[in-house]
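What follows is a set of notes on a single structure, which appears directly below.
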Amino acid sequence: MPNKLVSIVISAYNEENNVAELHKQLNENLKKCKNIDFEYIFVDDGSKDKTYANCLKLQKKDKRVKIVQLKRNFGHEIAMTAGMDYAKGDAVVFMDADLQHPPVYIPQMIELWQNGKEIVLTKRLDNVATSKLYKLCAKSFYYVLNLVSDMPIMESAPDFRLLDRKYVNFLKSFNEQDRLFRGLLSWIMPQDNVEIIGFVAPERFSGESKYNFIKSLRLAVNSIVQFSVMPLRIATGLGIVAAIMALLMGLYVFVEHFFMHNPTPGYATIMVTVVFLGAVQLICLGIIGEYIGKIHMEVKKRPLYVADYVESKAEKDGAENNI
Ligand code: UDP
Ligand code: MG
Numbered sequence: 063m064p065n066k067l068v069s070i071v072i073s074a075y076n077e078e079n080n081v082a083e084l085h086k087q088l089n090e091n092l093k094k095c096k097n098i099d100f101e102y103i104f105v106d107d108g109s110k111d112k113t114y115a116n117c118l119k120l121q122k123k124d125k126r127v128k129i130v131q132l133k134r135n136f137g138h139e140i141a142m143t144a145g146m147d148y149a150k151g152d153a154v155v156f157m158d159a160d161l162q163h164p165p166v167y168i169p170q171m172i173e174l175w176q177n178g179k180e181i182v183l184t185k186r187l188d189n190v191a192t193s194k195l196y197k198l199c200a201k202s203f204y205y206v207l208n209l210v211s212d213m214p215i216m217e218s219a220p221d222f223r224l225l226d227r228k229y230v231n232f233l234k235s236f237n238e239q240d241r242l243f244r245g246l247l248s249w250i251m252p253q254d255n256v257e258i259i260g261f262v263a264p265e266r267f268s269g270e271s272k273y274n275f276i277k278s279l280r281l282a283v284n285s286i287v288q289f290s291v292m293p294l295r296i297a298t299g300l301g302i303v304a305a306i307m308a309l310l311m312g313l314y315v316f317v318e319h320f321f322m323h324n325p326t327p328g329y330a331t332i333m334v335t336v337v338f339l340g341a342v343q344l345i346c347l348g349i350i351g352e353y354i355g356k357i358h359m360e361v362k363k364r365p366l367y368v369a370d371y372v373e374s375k376a377e378k379d380g381a382e383n384n385i
């Protein structure tokens, strides 16, 4: 029986000093996997440094290396999608390029897959690289997300995972522009055949995190809007609460005026009411705007990315499965 092929999809944005080390560690660790062939797919997400050049160097040394070069920075989720599109493996492992997803865990993931698990997820046990404040923000975010989302989304579930070809194909059938792998995965997640392994994420080998506060916030808003219409319901709720408060206030003014003969001084009350209602309306408009913006982007059905593909030597020789 021919060996099974496993694709390792690595998304890299400005990771010039990490790709060679990652490649080295992958080679060291994947030797342990028996009866498995590998292909490494480096996705250069429009890096401005030497990431692409360094990937080309790796390709000269190793005939299993494929490169997908995105023509500009499309973001991590799209980079993973591009890698997945070019992956030919019977299973695909997704990982970051900065060695925060240690290759040492991949043999374990593959063994689980060989024993019948179709999805192997990872859970970060403790990340030495993140501050207490970051952890608190992340925890609160997942709490809110799970509160409003229609399906559970796992906390501390990094984009380090193995998917069987069946689930890769399911994921490939999603064509939304704005995508969050974690959420899409929850959407297709089976009840069984899933295993979660814990790992400790070390600090980045080199370089800096690409996620600043604004990027993380945008990701957070996107993930809520993509998987839930709850904010729209909250907007309706806010409107109802404001209406009830206005009604109660009207009643109060009416009683004061006609029964107590004590007309309420108007200025302050009017200002508070106007400002309150104005704020509620703006919040609601903002929420609706988020959804309309998403519709606007989605209806165009633009391609998800533009990329050049540099095939591996093995692919050129037509000997991909005999490595
Ligand atoms: N990344 C990417 N495109 C981007 C941002 C990040 O491909 O626009 C890659 C990055 O090179 C890394 C992975 O996604 O391999 C995770 O990014 P990062 O390490 O900056 O995130 P963090 O681990 O700090 O959450
Ligand atoms: Mg990282």
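Using the working numbering, the letters of the sequence shown correspond one by one to residues 63 to 385. Ideal Cβ placement from N, Cα and C applies to all residues, glycine included. Since we're looking at a predicted model, the values are computed, not measured.
Quiz prompt | Sequence-ordered residues whose beta carbon comes within less than 6 Å of a heavy atom of the ligand UDP | solution = In chain order, the hits are Ser73, Ala74, Tyr75, Glu77, Asp107, Asn135, Gly137, His138, Ala141, Asp158, Ala159, Asp160, Gln162, Ser271, Lys272, Tyr273.
Practice problem: Tell me, please, which residues DSSP counts as bridged to Gly151. | Solution: The beta-bridge partner set that DSSP reports for Gly151 is empty.
Practice problem: Put Lys185 into one of helix, strand or coil per three-state DSSP. | Solution: Looking at Lys185 - three-state DSSP - the assignment turns out to be strand.
Quiz item: Looking at the structure shown, is Gln121 part of a helix, part of a strand, or coil, going by DSSP?
Solution: Looking at Gln121 - three-state DSSP - the assignment turns out to be helix.
Quiz prompt | Residue range of the alpha helix (DSSP H) that includes Phe289 | solution = Bounds of the alpha helix (DSSP H) holding Phe289 are 275-289.
Quiz prompt | Where Phe156 falls: helix, strand or coil (DSSP) | solution = Correct three-state label for Phe156: strand.
Quiz prompt | Beta carbon of Leu174 nearer than 7 Å to that of Glu265 | solution = With contacts defined by Cβ atoms closer than 7 Å, Leu174 and Glu265 do not form a contacting pair.
Quiz item: At which residues does the alpha helix (DSSP H) containing Ser248 begin and terminate?
Solution: Ser248 -> alpha helix (DSSP H) spans 243-250.
Exercise. Quick one: using the 10 Å Cβ neighbour count with 16 as the cut-off for buried, is Phe261 buried or exposed?
Key: Burial state of Phe261 is buried, judged by a 10 Å Cβ sphere holding 16 or more other Cβ atoms.
Practice problem: Spell out the partners DSSP gives Ser69 in its beta bridges. | Solution: For Ser69, which the question treats as bridged, DSSP gives the partners Glu101, Val154.
Quiz prompt | Gln343 in three-state terms, based on DSSP | solution = Of the three classes helix, strand and coil, the one that applies to Gln343 here is helix, per DSSP.
Practice problem: Sort out for me which residues DSSP pairs Arg223 with in a bridge. | Solution: Under DSSP, Arg223 shares a beta bridge with Phe156.
Self-check item: Sequence-distant residues of the same chain with beta carbon closer than 6 Å to Arg241, five excluded per side
Solution: Excluding residues within five positions, the ones whose Cβ falls inside 6 Å are Glu139.
Quiz item: Looking at the structure shown, is Asp240 part of a helix, part of a strand, or coil, going by DSSP?
Solution: Coil, per DSSP.
Quiz item: So, do the segment 75-90 and the segment 265-281 have three or more beta carbon pairs nearer to each other than 8 Å?
Solution: Enough Cβ pairs lie closer than 8 Å, so yes.
Practice problem: State the DSSP-derived secondary structure class of Leu132, mapped to helix, strand or coil. | Solution: DSSP places Leu132 in strand when its eight states are reduced to three.
Practice problem: Compute the beta-carbon to beta-carbon distance between Phe222 and Phe156, rounded to the nearest angstrom, for a pair I have assumed lies under 8 Å. | Solution: Yes, Phe222 and Phe156 are in contact; Cβ-Cβ is about 7 Å, under 8 Å.
Exercise. Check whether the Cβ atoms of Ile103 and Ala159 lie closer than 7 Å to each other.
Key: No.
Quiz prompt | Range covered by the alpha helix (DSSP H) that runs through Val303 | solution = Where Val303 is concerned, the enclosing alpha helix (DSSP H) starts and stops at 292-320.
Quiz prompt | Backbone CA spacing between Ile385 and Lys96 [nearest angstrom] | solution = Unreliable placement is indicated for Ile385, whose pLDDT of 45 sits below 50; the coordinate value is still reported in the next sentence. Cα to Cα, Ile385 sits roughly 13 Å from Lys96.
Quiz prompt | Ile172 - containing alpha helix (DSSP H), residue span | solution = 168-176 is the span of the alpha helix (DSSP H), which, as asked, contains Ile172.
Self-check item: C-alpha distance - Val166 paired with Gly151, whole-angstrom precision
Solution: One Cα belongs to Val166, the other to Gly151, and the distance between them is close to 20 Å.
Exercise. Select from Ile72, Ala308, Phe316 the residue whose C-alpha is nearest the C-alpha of Pro325.
Key: For the residues Ile72, Ala308, Phe316, the minimum Cα distance to Pro325 belongs to Phe316.
Quiz item: Using DSSP with H/G/I as helix, E/B as strand and the rest coil, what is Gly260?
Solution: Collapsing the DSSP output to three states places Gly260 in a strand.
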